[in-house]
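See below for the structure under consideration.
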Amino acid sequence: MSYTVSFISLGCAKNQVNCEQMMAAVQAAGHTIQSTPEGSDAVVVNTCGFLASACEEAIETILEMGELKRAGQVKKILVTGCMVQRYKEDVLGELPEADGVLGTGSYGDIVQAIDEVMDRGLRPCHLGNIHTAPQGGPRILSTPPWYAYLRIAEGCDNHCAYCVIPSLRGKYRSRPMEELLEEAAELSSAGVKELLVIAQDITRYGTDLAEGCRLADLLRELCRLDFRWIRLHYLYPDEITDELIDIIAKEDKILPYLDIPIQHCNDGVLKDMNRRDTKASLAALFKKLRARLPGLVLRTSIITGLPGEGEAEFEELCAFLRETRIERAGVFPFSPEEGTRAALMDHVDSGEAKRRAELIVDVQSDIMDEYNESVLGETREVLCEGFDSQAQMFFGRSYAESPEIDGRVYFTAGKEAAPGDFVTVRLTGAMDGELIGETVE
4 MSYTVSFISL GCAKNQVNCE QMMAAVQAAG HTIQSTPEGS DAVVVNTCGF
54 LASACEEAIE TILEMGELKR AGQVKKILVT GCMVQRYKED VLGELPEADG
104 VLGTGSYGDI VQAIDEVMDR GLRPCHLGNI HTAPQGGPRI LSTPPWYAYL
154 RIAEGCDNHC AYCVIPSLRG KYRSRPMEEL LEEAAELSSA GVKELLVIAQ
204 DITRYGTDLA EGCRLADLLR ELCRLDFRWI RLHYLYPDEI TDELIDIIAK
254 EDKILPYLDI PIQHCNDGVL KDMNRRDTKA SLAALFKKLR ARLPGLVLRT
304 SIITGLPGEG EAEFEELCAF LRETRIERAG VFPFSPEEGT RAALMDHVDS
354 GEAKRRAELI VDVQSDIMDE YNESVLGETR EVLCEGFDSQ AQMFFGRSYA
404 ESPEIDGRVY FTAGKEAAPG DFVTVRLTGA MDGELIGETV E
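Written out as structure tokens, the structure reads:
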């Protein structure tokens, strides 16, 4: 039988790639993909399980789909992804709305699960090996046609004390370069202009492969393809080599935008969290990167209230951010996640962690305001993504803004700018923390 199937993907871009692969498999099996859950035979909720808050969002989504099922607008609900992998018994036992589950090792079983739940009346539970699950395969892109993600590896071996990713996604496994280049070539042929290279840690790419290739080698080959922009996400600081910096500096397609999660700067906190950096090594790295990569925009992630962070350590973090002027940061209060070493360590309460996160956001807001002020008058290449009827301006992104997380550049134009077009914009001001400008010939 053929069914209509809808997908909801929660969490990170890596999760989104899994969802795109499931959609392709379902369509290849003869089913129809539709964009909204209402009226679908089956809805697949692909969950995040990284933090308790992500699990709460997933549960709310499943309950919302349950309401649609009770109203007769959805027949079956399949729950996939990280929350299933982490809390499979809870999902099966406490969420009767879920008609079947697939863990992160079993995304490839989605067609079988649809058959089991729709045709055979079963409640499938697929929990394959997270260390050996296939990574590649066809995708139906869920991003706008001008950008796409290329996930170059799965899993993580860093084992940061606060993080559950290794238990959800398995050991680090790089994808073969030949496979990646084939997928990238298909994306390029499909008209993708911005390629976002992603993994939990892209700097480790190739260290587990017999071929001995590394991230620099992969980037060199990707630059031969017909992309306008190549953007790098999640580089582990101590794995950023001079060779990697050289290739980023040499290749115009690789954007001077680097996402380097540091989490903290205090040596004691970093050591307790099983990070391999020190404040001195981070400061030296950022100084080297700014010297080698003109116009560099840095993105990082910060966790406040980590075990070992007292007032002195927190003030040290604030001072470090003011000194290094990291342009963009995602800030999160520490969440003591079940099954992690950090959850068993002494730490401040959640209210204090949230208060400190808000203070860091204030610090970063000042840094961003100063950065925006410093670039006024510059001209930048902007990838147009649409027209905002309320602002009565077009909007898009320059090299300094990554999709979904960094906001937009708003601009006026003397003639129509189509989504997916590159235009040259002179930056003239800021609006609610986002840059505005006007097109120039």
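For the sequence shown, this note's numbering assigns the number 444 to the last residue and increments by one with no breaks.
The beta carbon of each residue, even a glycine, is placed where N, CA and C say it ideally should be.
Q) What number of angstroms, rounded off, separates the C-alpha of Phe53 from the C-alpha of Lys72? A) Position 50 of the sequence shown, counting from 1, holds the residue named residue 53. Position 69 of the sequence shown, counting from 1, holds the residue named residue 72. The alpha-carbon atoms of Phe53 and Lys72 are separated by roughly 27 angstroms.
(Q) Between the segment 303-313 and the segment 338-348, can you find at least three pairs of beta-carbon atoms closer than 8 angstroms? (A) yes
Q. Out of curiosity, what's the CA-to-CA distance linking Leu324 and Arg331?
A. As a position in the sequence shown, residue 324 is number 321, starting the count at 1. As a position in the sequence shown, residue 331 is number 328, starting the count at 1. If I take the Cα positions, the gap works out to 10 angstroms.
Q: Whole angstroms is fine: what's the gap from Asp275's alpha carbon to Ala164's?
A: Locating residue 275 in the sequence shown gives position 272, where the first residue counts as 1. Locating residue 164 in the sequence shown gives position 161, where the first residue counts as 1. So the two alpha carbons sit approximately 7 angstroms from each other.
**Q.** Beta-carbon gap between Lys79 and Asp44 smaller than 8 angstroms
**A.** Sequence index remark: in the sequence shown, residue 79 carries index 76 (1-based). Sequence index remark: in the sequence shown, residue 44 carries index 41 (1-based). Their beta carbons are under 8 angstroms apart, which means Lys79 touches Asp44 by this criterion.
Q: Return the first residue and the last residue of the alpha helix (DSSP H) that Asp275 is part of.
A: What you label residue 275 is simply residue 272 of the sequence shown in a count that begins at 1. Element bounds for Asp275: 270-275.
**Q.** Candidates Pro336, Cys226, Cys22, Leu386: closest to Lys253 by CA position
**A.** By 1-based counting over the sequence shown, the position of residue 253 is 250. Lys253 has its Cα closest to that of Cys226, out of Pro336, Cys226, Cys22, Leu386.
Q | Check whether Ile250 and Leu296 have beta carbons under 8 angstroms apart | A | Looking up residue 250 in the sequence shown gives position 247. Looking up residue 296 in the sequence shown gives position 293. No. Outside cutoff.
Q) Can you tell me the Cα-Cα spacing of Glu444 and Ala283, whole angstroms? A) Taking the sequence shown and counting its residues from 1, one reaches residue 444 at position 441. Taking the sequence shown and counting its residues from 1, one reaches residue 283 at position 280. Between Glu444 and Ala283, the C-alpha separation is close to 45 angstroms.
Q) Where DSSP assigns a beta bridge to Thr7, which residues make up the other side? A) Along the sequence shown, read from residue 1 onward, the residue named residue 7 stands at position 4. Looking at the DSSP assignment, Thr7 forms a beta bridge with Thr35.
Q. Over what stretch of residues does the alpha helix (DSSP H) that includes Asn375 continue unbroken?
A. In the sequence shown, the residue the question calls residue 375 occupies position 372. Note, Asn375: alpha helix (DSSP H), 353-378.
Q) For the putative contact between Glu242 and Arg207, defined by C-beta atoms under 8 angstroms, what is the C-beta separation to the nearest angstrom? A) Sequence index remark: in the sequence shown, residue 242 carries index 239 (1-based). Sequence index remark: in the sequence shown, residue 207 carries index 204 (1-based). The C-beta distance from Glu242 to Arg207 rounds to 6 angstroms, short enough to fall under 8 angstroms.
Q. How would you write the range of the alpha helix (DSSP H) that Gly69 sits in, first residue to last?
A. Against the sequence shown, residue 69 aligns to sequence position 66. Residues 55-73.
Q. Can you name the start and end residues of the beta strand (DSSP E) that Pro336 belongs to?
A. On the sequence shown, position 333 is the one that residue 336 refers to. First-last of the beta strand (DSSP E) with Pro336: 331-336.
Q: Specify, as a first and last residue, the run of the alpha helix (DSSP H) that Leu13 falls within.
A: To locate residue 13, count along the sequence shown from 1; it is residue 10. Here Leu13 belongs to no alpha helix (DSSP H), and DSSP marks it neither H nor E.
(Q) Which same chain residues end up closer than 6 angstroms to His446 when comparing Cβ atoms and leaving out the 5 residues on each side of it in sequence? (A) The question about residue 446 has no answer here: the residues shown for the chain are numbered 4 through 444.
(Q) Strictly by DSSP, which residues pair up with Ser43? (A) Within the sequence shown, the letter at position 40 stands for residue 43. Partner(s): Val77.
Q. Which runs of the beta strand (DSSP E) fall wholly inside the segment 107-135 and span at least 3 residues, in chain order?
A. none
Q.
For Lys196, count the other beta carbons within 10 Å of its own beta carbon; 16 or more makes it buried, fewer makes it exposed. Which is it?
A. Stepping through the sequence shown from its first residue, residue 196 is reached at position 193. Label assigned to Lys196: buried.
Q. What residues match up with Trp232 in a beta bridge as DSSP calls it?
A. As a first step, residue 232 must be located in the sequence shown, where it is residue number 229. Answer is Glu197.
Q. When DSSP builds the beta bridges, which residues end up paired with Gln266?
A. Within the sequence shown, the letter at position 263 stands for residue 266. In the DSSP output, where bridge partners are listed per residue, Gln266 has Ile305.
Q) Which residue comes first and which comes last in the alpha helix (DSSP H) that contains Met86? A) Counting from one through the sequence shown, the residue named residue 86 turns up at place 83. Unbroken alpha helix (DSSP H) run through Met86: 85-89.
Q: Identify whether Val104 lies in helix, strand or coil by the three-state DSSP scheme.
A: For the purposes of this step, residue 104 is taken as the residue at position 101 of the sequence shown. Strand at Val104.
Q: Would you give the residue range spanned by the beta strand (DSSP E) that Ala420 belongs to?
A: Residue mapping note: residue 420 aligns to position 417 of the sequence shown, counting from 1. Premise fails: Ala420 is in no beta strand (DSSP E) and is neither H nor E.
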